[in-house]
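**Q** Quick note on numbering: numbering that gives the first Met the number 0 labels position 73 of the sequence shown as 72, and the sequence is numbered without any gaps.
Next up is a structure, given as C-alpha cells.
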Amino acid sequence: MIFVKDIIGMPIISSEDNKIIGSVKNVLYGDLKGKIKGVLIEEGGILKSPKIVENKNIISINKQVCINNKDAIKDLDVKSINDVENGSNDIINKDVYDNRGNYWGKIYDLILDEKERIILYAEISRGFSSDLFKGLRIVNIECIEKFDGKIIIKDGTMFFTRGGLNNLIKV
C-alpha cells in the first residue's frame with residue numbers, strides 16, 4: 000500500500016530507455032471505488048499543456064512510476080483539464096460528515112493498492128492537535144460516499160487510527 004501524497008512528486012520513468020520523463024503532479028481518480036484514471040505529469044515549462052499517463056500504461060508504482068514508453072503520455076481533454084483545475088474529482092482536504100451532519104474532519108490522504116491501483120482507505124484528519132494526540136482515522140473507502148459535492152461517511156463506520164501519542168502510550 001502507498002499513500003497518494005507519496006506518489007505526488009515521484010519521477011516517471013520510461014521502461015523503454017530508463018529515462019526520467021517528468022514527475023507526478025497529481026493522481027487522477029473518478030469513482031473512488033474503481034481503479035485510478037492515471038497520473039497527471041509535470042514535464043516542466045510554463046506553456047506546456049497538462050498531460051496524463053493513463054492507468055493502463057503504468058507498469059508499476061514503487062519509488063518511481065514506471066510506464067511503457069513516451070507514447071503513453073497523452074494530452075488531457077478539456078473536461079479533464081477543467082476538473083483538475085477546479086478540483087471537482089479531488090477529495091483530499093474536503094470536509095467529511097456523517098449522515099446526521101456531524102463533522103468528522105478532512106480527508107488528509109488516500110491509501111492505494113499500488114499493484115492493482117485501487118483506492119482502499121481514506122485517512123481523516125481532525126486537526127493538528129487532535130491528530131498529534133489521537134492519531135489520524137483510517138476508514139475503508141467503501142464507507143465513503145460523494146453526494147452532491149459533499150463527502151459523507153456511512154453510519155456505523157468502523158475506523159482505526161494511525162499515529163497519535165495516546166496510542167503510543169497505551170499499555
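For glycine and all other residues, C-beta sits at the position ideal for the given N, C-alpha and C.
When you compare only the Cα positions, how much space is there between I150 and W103?
**A** In the sequence shown, residue 150 corresponds to position 151, counting from 1. In the sequence shown, residue 103 corresponds to position 104, counting from 1. Taking the straight line from one Cα to the other gives about 10 Å.
**Q** Quick one: which unbroken alpha helix (DSSP H) runs of 4-plus residues sit fully inside the segment 2-77? Chain order, please.
**A** Within the segment 2-77, the complete alpha helix (DSSP H) runs of at least 4 residues are 3-6.
**Q** Extract the residue ranges of the alpha helix (DSSP H) inside the segment 79-140, only unbroken runs of 4 or more that lie entirely within it.
**A** Qualifying alpha helix (DSSP H) stretches, in chain order: 127-133.
**Q** Thinking just about the alpha-carbon of each residue, which of G33, G37, F159 is nearest to the one in S22?
**A** Counted from its first residue, the sequence shown places residue 22 at position 23. When each option's Cα is compared against that of S22, the closest is G37.
**Q** So the beta strand (DSSP E) T160 belongs to, where does it begin and stop?
**A** Mapped onto the sequence shown, residue 160 falls at position 161. Its beta strand (DSSP E) spans residues 158-161.
**Q** From T156 to D70, what does the alpha carbon distance come to, in whole angstroms?
**A** For this step, residue 156 is matched to residue 157 along the sequence shown. For this step, residue 70 is matched to residue 71 along the sequence shown. If you take the alpha carbons of T156 and D70, they lie about 43 Å apart.
**Q** Should I51 and K32 be called a contact, given that it needs their Cβ atoms to be closer than 8 Å?
**A** Position 52 of the sequence shown, counted from the start, is the residue given in the question as residue 51. Position 33 of the sequence shown, counted from the start, is the residue given in the question as residue 32. Against a cut-off of 8 Å, the Cβ pair of K32 and I51 comes out as no contact.
**Q** Name the residue from C65, I66, G29 whose alpha carbon lies nearest to the alpha carbon of E144.
**A** For the purposes of this step, residue 144 is taken as the residue at position 145 of the sequence shown. The candidate whose alpha carbon is nearest that of E144 is G29.
**Q** What separation, rounded to the nearest whole angstrom, lies between the Cα atoms of N25 and E115?
**A** By one-based count along the sequence shown, residue 25 stands at place 26. By one-based count along the sequence shown, residue 115 stands at place 116. One C-alpha to the other measures close to 18 Å.
**Q** Am I right that L27 and P49 are in contact with their C-beta atoms under 8 Å? What's the rounded C-beta distance?
**A** The count along the sequence shown starts at 1 and reaches residue 27 at position 28. The count along the sequence shown starts at 1 and reaches residue 49 at position 50. With a Cβ gap of about 10 Å, L27 and P49 do not count as contacting.
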